[in-house]
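S.K.: Throughout, the working numbering is defined as the position within the sequence shown, counted from one, plus 274.
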Amino acid sequence: MKLYGYWRSLAAFRVRIALNLKGQPFDVISTDLIKGDQFDPEYLKLNPQGVVPTLITDDGVALNQSMAILEYLDEVYPEPSLLPADPLARARVRALCMIAVADIHPLVVPRIRKYITQDMGHSEDELNAWIGNWTKKGLEAIEAHLSAHAGTYSEGDAISLGDLCVIPQVGAAALFKVPLDPYPTAKRIFDTCMENPAFFDARPQAQPDFPEDMK
């Protein structure tokens, strides 16, 4: 399989973790979102939305949107399962995923940051305040959810899709210098997951396109 992604993309981070957990080899194809690689006509044929990730299956089929890709991988490669057997637990996992995927992440992606600064004329300080505000509100909701349902991981004692969505979001908070002390459960689960090679090897710093000047 081939994964079009970018080292800083939280959505690509989620998919890398899933592929690692499932033991599925894949080639990374860097798509620099800052340079605008996602708008290349050839890439737009694979992903008309002009975002990452895009997963090319072994059969050459292009799949878009990280949550759709994650559920596809879990269905096609069922071990280890990333959704609990209990319907209520599955619903909780999906709800936790959506806090990160649908409510926090879309507000801080490059195209939104570009619109705020270049199109609306806001300063970098105002942009950072925007990012910090929505990141903190999202983490507050995640922490409340985890406090009620977490075990070793975000839902009980088995890794689930919830962890694949929460861990990149917590990592991004650290990148944007959002203090994690108010979110002890999220921080504990982050630390636990990052001891697992499937998570650790998927982190932005381990990607081939991670900038040399940031190492």
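Cβ atoms here follow ideal geometry from the backbone N, Cα and C, with glycine treated the same way.
(1) Taking only three categories from DSSP, how would you classify leucine 277?
(2) Grab me the residues of glutamate 349's own chain with a C-beta within less than 6 Å of its C-beta, minus the 5 sequence neighbours each way, in chain order.
(3) Where does asparagine 407 fall in DSSP's three states?
(4) Measure the C-alpha to C-alpha separation of alanine 472 and tryptophan 404 and round it to an integer number of angstroms.
(5) For phenylalanine 464, count neighbouring C-beta atoms within 10 Å of its own C-beta (all shown protein chains included) and say buried if the count is 16 or more, exposed if not.
(6) Helix, strand or coil: how does DSSP classify serine 304 here?
(7) Along the chain, where does the beta strand (DSSP E) that runs through isoleucine 330 open and close?
(8) Asparagine 338 lies in the beta strand (DSSP E); which residues open and close that run?
(9) Would you kindly check if the distance between the Cβ of isoleucine 291 and the Cβ of proline 354 is under 9 Å?
(10) Going by alpha carbons, who is nearest to phenylalanine 300 out of Leu318, Asp360, Lys319, Pro327?
M.R.: Let's see:
(1) strand
(2) none
(3) helix
(4) 31 Å
(5) buried
(6) strand
(7) 328–330
(8) 336–338
(9) no
(10) Pro327
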